[in-house]
Amino acid sequence: MSTLQFLADGFAIAFQWQNLLFAFVGVIIGTAVGVLPGIGPMSGVALLIPVTATITSGMPTSAAAASSIILLAGVYYGAMYGGSTTSILLNTPGESSSVVTTLDGYQMARQGRAGAALAISAIGSFCAGIIALIGLVLLAQPLSNVAIKFGPAEYFSLMLLGLAAVSGLAGKSMTKALMMTVFGLILGTIGIDAVSGIARFTYNQPILFSGLEFLTIAVGLFALGEVFKTVLERDGEDGAIAKINRIMPTKQDMKDSAVPIVRGSLLGFFIGVLPGAGATLASFFSYMTEKKFSKNPESFGTGNIAGVAGPESANNAASGGAMIPLLTLGIPGSGTTAILMGALIMYNIQPGPLLFDEHPEVAWGLIASMFIGNLMLLVLNMPLVRVFAKVIQTPKKYLLPIIVAISFFGVYAVQYTIFDLYLLLGCGVAGYLLSKNDYPVAPLVLALVLGPMIENNMRRALTISNGEFSIFFTKPLSLVFIIAAAAWLLIPLLLKLKGRAVVVEEEG
Amino acid sequence: MSKTFDRYASIAFLLIGLIVVIESQKIPDSAYGSAVGPKIFPMWLGAILLILSLRLLYETFKYKSESAAKENFQYKKFAIILIGAALYAFTLEKLGYVISTFGFLLIAFQTMERGRILQSILIALIFSVGIYYLFSEFLGGSLPGFPTF
Numbered sequence: 001m002s003t004l005q006f007l008a009d010g011f012a013i014a015f016q017w018q019n020l021l022f023a024f025v026g027v028i029i030g031t032a033v034g035v036l037p038g039i040g041p042m043s044g045v046a047l048l049i050p051v052t053a054t055i056t057s058g059m060p061t062s063a064a065a066a067s068s069i070i071l072l073a074g075v076y077y078g079a080m081y082g083g084s085t086t087s088i089l090l091n092t093p094g095e096s097s098s099v100v101t102t103l104d105g106y107q108m109a110r111q112g113r114a115g116a117a118l119a120i121s122a123i124g125s126f127c128a129g130i131i132a133l134i135g136l137v138l139l140a141q142p143l144s145n146v147a148i149k150f151g152p153a154e155y156f157s158l159m160l161l162g163l164a165a166v167s168g169l170a171g172k173s174m175t176k177a178l179m180m181t182v183f184g185l186i187l188g189t190i191g192i193d194a195v196s197g198i199a200r201f202t203y204n205q206p207i208l209f210s211g212l213e214f215l216t217i218a219v220g221l222f223a224l225g226e227v228f229k230t231v232l233e234r235d236g237e238d239g240a241i242a243k244i245n246r247i248m249p250t251k252q253d254m255k256d257s258a259v260p261i262v263r264g265s266l267l268g269f270f271i272g273v274l275p276g277a278g279a280t281l282a283s284f285f286s287y288m289t290e291k292k293f294s295k296n297p298e299s300f301g302t303g304n305i306a307g308v309a310g311p312e313s314a315n316n317a318a319s320g321g322a323m324i325p326l327l328t329l330g331i332p333g334s335g336t337t338a339i340l341m342g343a344l345i346m347y348n349i350q351p352g353p354l355l356f357d358e359h360p361e362v363a364w365g366l367i368a369s370m371f372i373g374n375l376m377l378l379v380l381n382m383p384l385v386r387v388f389a390k391v392i393q394t395p396k397k398y399l400l401p402i403i404v405a406i407s408f409f410g411v412y413a414v415q416y417t418i419f420d421l422y423l424l425l426g427c428g429v430a431g432y433l434l435s436k437n438d439y440p441v442a443p444l445v446l447a448l449v450l451g452p453m454i455e456n457n458m459r460r461a462l463t464i465s466n467g468e469f470s471i472f473f474t475k476p477l478s479l480v481f482i483i484a485a486a487a488w489l490l491i492p493l494l495l496k497l498k499g500r501a502v503v504v505e506e507e508g
Numbered sequence: 509m510s511k512t513f514d515r516y517a518s519i520a521f522l523l524i525g526l527i528v529v530i531e532s533q534k535i536p537d538s539a540y541g542s543a544v545g546p547k548i549f550p551m552w553l554g555a556i557l558l559i560l561s562l563r564l565l566y567e568t569f570k571y572k573s574e575s576a577a578k579e580n581f582q583y584k585k586f587a588i589i590l591i592g593a594a595l596y597a598f599t600l601e602k603l604g605y606v607i608s609t610f611g612f613l614l615i616a617f618q619t620m621e622r623g624r625i626l627q628s629i630l631i632a633l634i635f636s637v638g639i640y641y642l643f644s645e646f647l648g649g650s651l652p653g654f655p656t657f
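This is the structure in structure tokens:
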């Protein structure tokens, strides 16, 4: 079957009424998640996994997986839309990839052009979403055909590259990022070893036999960590929200932002495909590029619409691009995609090259639903921007305890153990302490997801080679991945030694 | 960034690494005598964590601590909410979902900001009852119901 045929089948799945509803609910919640301060795309997606798991519990496995992932991905790219709203109206980014949007977006709002800025960011996000999806459609099949030829050695090295990429760019100190990665891998070894059936680090506690639940750790580290941070360090008074006058951008605005949108989308897409380099880097680079190409770069920071259009397109394109390594290689390149991967694994569906053969309805249904979801976002966001602006005003007093209650509900509804609730609280405190002190938690979660797979592939490769580690270096593709992984870690280090500023990816 | 925290953290992770290395020695080797048993991976990881922690410990002696502005932490609020949440976990199965959730939310709302007790009660009630019925009646999930004395 051709790619177009698969895509058509995907649309048939995405147009099923329940999946349309799931995409709709996903993008609405996603937008709200992006708008609400203190809850980002990672915690938003993590919080919703158990909810979707229960809603879809009556369906056959792969239909349930398709529906859930459609909703969760909707939350992911919806949050990328929503994040710009607070940047523009409040000068506080809803999630970290919208940080650069504050520079020009808030200035525009102060000049009474908030509506235009919001509209342009919605239009830019839509174009970016579509461009990223076209890239996804074109690249998915060829990439997974290549990946299908990988042996365990190649897989091991590729996953190593994924981990190195995420740790290399995360946080201010690479030592800390690597520590978090290794610690995540260690946590992943708890439980019964899948190959030999031997219990590791379980100390005869039956609760530990199945290992630490990824969902509990992710919700604790991200969602509760953020809640505890806000409770402890009250961010002071909430700022005044800029007024929205007219929503539709003028012709001049459209003309000024058309090229930045296209440039931002392409740039964002390619950055998104790279593991480790997520939406924050994409929006940052797009801003720098627009400034470089601009005829009057000094107008940036004073309300230049190109400074909103470019980065906002880039961060959405990046989130679309990040789906490629996840779906085709089974390597999540960011924290949020790691959580999406965890969700798929919960349904016993392994993302990776075989996904397109074994579960085409999940892969293509998701891709098709992203077209629909992006359209929904555009249609919703233009008229509803005022409504979403109201969401910002949700008092923290009610919001924070409710996030705690939702995460308790979510974890308990899936795990049915009180142990996981205590673990959740512990992870919340740890998440707060760690991220406050620049220990990035995204690599930890990523390592926890990838750990068992890395180990299995390593052991399979070593069994093939009779215990010779040279297998990882003699297979050419594996060697390339290992060299790339080393470069990813060493180049920022060398740049830092030379005194250059290194861009840091704060969130995935 | 706090130097003291980094120092304690590096020592903590150093100990974790050490324990992992020692404990992984107790994992039996694979039964079929393969070269790569279940203990090699965790043992290496422990060793790498140990080395990285030493590196971080060394780094803490190099950099100067940033004299952070005295932040105004709300320890009391945080402590009440954390203990409240722990009690919530403890009572969830004993008192059932609705009662424990309602109790936790009410305490947490009032801890965040005193006053408006009626509004707090209403929101806590709507949330706990709403979630319970939506989930267990409508979606067919199971949550601990009400206590039976």
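Line by line, the protein sequences are chains G and E. Residues 1 to 508 (the working numbering) are what the first sequence spells out, left to right. Residues 509 to 657 (the working numbering) are what the second sequence spells out, left to right. The C-beta atom is built at its ideal place from N, Cα and C for all residues, glycine as well.
Against chain E, the CB of G:PRO206 has no partner CB under 9 Å away; the residue lies outside that interface.
The residue among E:GLY592, E:GLY554, E:VAL544 with its C-alpha nearest the C-alpha of E:LEU523 is E:GLY554. If one requires a minimum length of 4 residues, the alpha helix (DSSP H) runs lying completely within the region 441-482 of chain G are 442-464, 471-474, in chain order. Excluding the 5 residues flanking it on each side, G:ALA279 has same chain C-beta neighbours closer than 6 Å at SER97, ASN315, ALA318, SER319, in chain order. Here G:TRP364 is buried. Its C-beta has 16 or more other C-beta atoms within 10 Å. Taking the CA atoms as reference points, G:GLY115 sits about 39 Å from G:THR216.
Straight through space, the alpha carbons of G:MET370 and G:ILE261 are spaced by roughly 19 Å. With a cutoff of 9 Å on beta-carbon distance, G:TYR347 and G:ALA128 are scored as not near each other. E:ALA594 carries a helical assignment under DSSP once its states are collapsed to helix, strand and coil. Taking G:ALA153 as the centre and dropping the five residues before and after it, the same chain places the C-beta of ALA461, ILE471, PHE472, LYS475, SER478 closer than 7 Å to its C-beta, in chain order. Annotation: Cβ neighbours of E:PRO550 in chain G (cutoff 8 Å, chain order): ILE186, THR189, ARG200, PHE201. DSSP places G:GLY74 in the helix class (H, G or I) of the three-state scheme. Between E:GLY649 and G:THR250 the beta-carbon gap is near 50 Å, outside 8 Å, which marks them as no contact.
Ranked by Cα distance from G:ALA242, the first of G:GLN107, G:LEU89, G:ASN457 is G:LEU89. When rounded, the separation of the alpha-carbon atoms in G:ALA140 and E:SER608 is 47 Å.
At a C-beta separation below 9 Å, G:ALA314 has no neighbours in chain E, since its nearest C-beta there lies roughly 29 Å away.
Runs of the alpha helix (DSSP H) lying entirely within the region 100-131 of chain G, each at least 4 residues long, are 101-110 in chain order.
Under the 10 Å beta carbon count, E:PRO536 is surrounded by fewer than 16 other beta carbons and is classified as exposed.
Scanning its chain for C-beta atoms nearer than 6 Å, with the 5 sequence neighbours on each side dropped, one finds around E:LYS547 the residues SER532, ILE535, in chain order. Taking 9 Å as the threshold, the shortest C-beta distance from G:ASN145 to chain E does not fall below it.
Inter-segment contact for the region 585-595 of chain E and the region 366-381 of chain G is absent: fewer than three beta-carbon pairs are separated by less than 8 Å.
For G:ALA218, same chain residues with a beta-carbon under 6 Å away, outside a window of 5 residues either side, are ALA46, ILE339, VAL445 in chain order. For G:PRO395, at least one C-beta of chain E is nearer than 9 Å to its own C-beta. For G:ASN316, the enclosing alpha helix (DSSP H) stretches over residues 306-321.
A contact is defined here as three or more CB-CB pairs under 8 Å, and the region 170-186 of chain G meets this definition with respect to the region 431-448 of chain G. In the DSSP assignment, the residues bridged to G:ALA199 are G:ILE192. Around E:SER518, the same chain offers SER561, LEU564, LEU565 as residues with beta carbons nearer than 6 Å, after the five sequence neighbours per side are excluded. Under the three-state reduction of DSSP output, E:GLU621 falls in the coil class, being neither helix nor strand.
Around G:PHE209, the same chain offers GLY191, ILE192, ALA199, THR202 as residues with beta carbons nearer than 8 Å, after the five sequence neighbours per side are excluded. In the displayed model, G:LEU384 falls within a helix according to three-state DSSP. The C-alpha of G:SER167 is placed about 13 Å away from the C-alpha of G:ILE491. In this model, G:THR102 and G:TYR76 are separated by some 20 Å (Cα to Cα). In chain order, ALA405 make up the part of chain G whose C-beta sits under 7 Å from the C-beta of E:THR609. Taking the C-beta atoms as reference points, G:LEU366 is found no nearer than 9 Å to G:GLY352.
For G:GLU233, the secondary structure class from DSSP, reduced to helix, strand or coil, is coil. The shortest C-alpha to C-alpha distance from G:ARG459 to any of E:VAL544, E:VAL529, E:THR512 is the one to E:VAL544.
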